[in-house]
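Residue numbers (full-length UniProt numbering): 1 to 357.
Every residue gets a Cβ at the ideal spot worked out from N, C-alpha and C, and that includes glycine.
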């Protein structure tokens with residue numbers, strides 16, 4: 001069953017189709033970036049990105065509009081146009097070979113025919129290439145054994161390095177895609193990139209290798225739209241905080257060294273990380289904006305965080321309103337009086353449990 005975001009995405013497309021059809025703005029457009037060129041339907045791009053809509057509106061009129069985005073990071077742009085045309089994108093890997101069918105999909109692609117499969121190679125192998133190998137085996141059996149020995153010994157190290165490199169590359173890839181969502185004002189692209197990046201942070205060794213590189217790229221204000229955007233930054237703190245558990249003094253984990261390097265090199269990350277750590281034991285009152293311990297700011301109805309003093313003030317204000325309302329509708333000779341208000345049960349229970357904190 002489609003999610004709420006997917007339904008909203010489809011509804012926005014249908015609404016845009018009707019608007020652009022009424023205005024007769026339905027010409028195809030040719031988009032070039034890097035060494036690739038694709039044909040897309042104009043309305044598919046304009047209704048999802050206001051930046052692309054402005055760029056397209058500035059183009060000269062013609063049977064086919066041509067938009068050149070210049071020399072850019074091709075994989076991340078492939079992911080962006082894949083989401084604009086299919087609703088999602090996939091990580092292709094370091095080698096560029098997609099793990100699943102992905103990439104831009106539109107009414108007409110200028111890239112030509114799809115990539116050829118490996119069927120001819122498999123046919124050649126089945127024709128008879130194994131016969132000379134079998135014939136060479138009795139001549140020198142030591143050669144294949146000597147070649148296999150170093151491969152078997154280096155398999156664990158090579159696989160660990162490749163998985164770590166792939167994990168780092170995938171995390172940085174989603175960061176690049178998230179930046180494109182900021183640059184081209186595509187909220188759904190930012191949401192999907194943030195979700196995919198958050199799933200990368202759940203891997204056990206996320207903070208072990210390349211953590212400093214990931215943090216520096218996320219906190220690079222020269223490539224982000226706004227400094228207040230917290231879409232990816234919040235995903236960094238939980239895995240980093242878990243690695244700060246007590247450890248042996250004789251052996252410091254590599255993950256802790258990476259986190260320490262990030263805290264020293266990037267002051268903004270250190271500031272946000274300290275606030276995250278403080279909020280695990282502290283809360284901020286919604287009324288007075290004071291930061292106190294958790295038991296001093298209990299959670300009231302509807303998830304409201306309010307300290308005991310502000311809760312008293314609010315209850316007293318409500319009591320005054322009730323008294324004034326009662327005075328207005330009171331019978332002749334009856335004068336309602338103001339009643340002293342004590343703290344609510346939530347605040348009293350929180351203060352009583354302070355010793356357990």
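According to DSSP, residue pairing for residue 43 in a beta bridge does not occur. For residue 268, the enclosing alpha helix (DSSP H) covers residues 267–279.
Counting along the chain, no beta strand (DSSP E) covers residue 192; the unbroken alpha helix (DSSP H) around it starts and ends at 187–201. Listed in chain order, the non-local C-beta contacts of residue 73 below 7 Å within the same chain comprise 176, local neighbours out to five positions each way being set aside.
When the alpha-carbon of residue 48 is set against those of 32, 30 and 183, the nearest one is in 183. Per DSSP, the unbroken alpha helix (DSSP H) holding residue 77 starts and ends at 74–86. Residue burial annotation: residue 298 is buried, with at least 16 other C-beta atoms found within 10 angstroms of its C-beta. Remark: C-beta atoms of residue 207 and residue 243 approach each other more closely than 8 Å. If you compare the alpha carbons of 2, 274, 210 and 257 with that of residue 237, the shortest gap goes to 274.
A residue is called buried when at least 16 other Cβ atoms come within 10 angstroms of its Cβ; residue 163 does not meet this threshold and is exposed.
The distance from the Cβ of residue 211 to that of residue 170 is about 14 Å, inconsistent with a contact at the 8 Å cut-off. For residue 214, no beta strand (DSSP E) run applies; the uninterrupted alpha helix (DSSP H) run containing it begins and ends at 211–218, by DSSP. Here DSSP, grouped into helix, strand and coil, assigns residue 230 to coil.
Contact check for residue 45 against residue 29 passes: the beta carbons are separated by less than 8 Å. Sixteen is the threshold: since fewer than 16 other Cβ atoms of the shown chains lie within 10 Å of the Cβ of residue 271, the residue is exposed. Per the Cβ contact rule, the region 75–82 is in contact with the region 31–38 (3 or more Cβ pairs under 8 Å).
The C-alpha of residue 68 is placed about 24 Å away from the C-alpha of residue 13. Residue state for residue 304 is assigned as coil, using DSSP reduced to three classes. Within the DSSP bridge table, the entry for residue 32 names 37 and 68 as partners. The beta carbon of residue 94 sits closer than 8 Å to those of 165, 166 and 169, all from its chain and outside the five residues before and after it, given in chain order. Beyond the five residues adjoining it in sequence on each side, residue 53 comes within less than 6 Å, by CB distance, of 46 in the same chain, given in chain order. Contact between residue 263 and residue 178 does not hold, since their C-beta atoms are separated by about 22 Å, which reaches or exceeds 8 Å. Following the DSSP letters along the chain, one finds residue 53 inside the alpha helix (DSSP H) bounded by residues 50–57.
One Cα belongs to residue 255, the other to residue 221, and the distance between them is close to 25 Å. The straight-line gap separating the alpha-carbon atoms of residue 86 and residue 214 is approximately 28 Å. Between residue 198 and residue 235, the CB-CB gap stays under 8 Å.
Restricting attention to 205, 300, 288 and 287, the CA atom closest to the CA of residue 253 is found in 205.
The secondary-structure analysis by DSSP pairs residue 292 across a beta bridge with 283. Counting other Cβ atoms within 10 Å of its Cβ, residue 230 stays below 16 and is therefore classed as exposed.
Beta bridge pairing from DSSP links residue 299 with 305. A residue is called buried once 16 or more other Cβ atoms fall within 10 Å of its Cβ, and residue 280, having fewer, is exposed. One alpha carbon belongs to residue 180, the other to residue 76, and they sit about 8 Å apart.
Our two residues, residue 50 and residue 187, have alpha carbons roughly 11 Å apart in a direct line. Taking C-alpha positions only, residue 317 is separated from residue 292 by approximately 23 Å. Note on residue 218: 16 or more other CB atoms within 10 angstroms of its CB, so buried under the neighbour-count rule. For residue 240, the enclosing alpha helix (DSSP H) begins and ends at 237–242.
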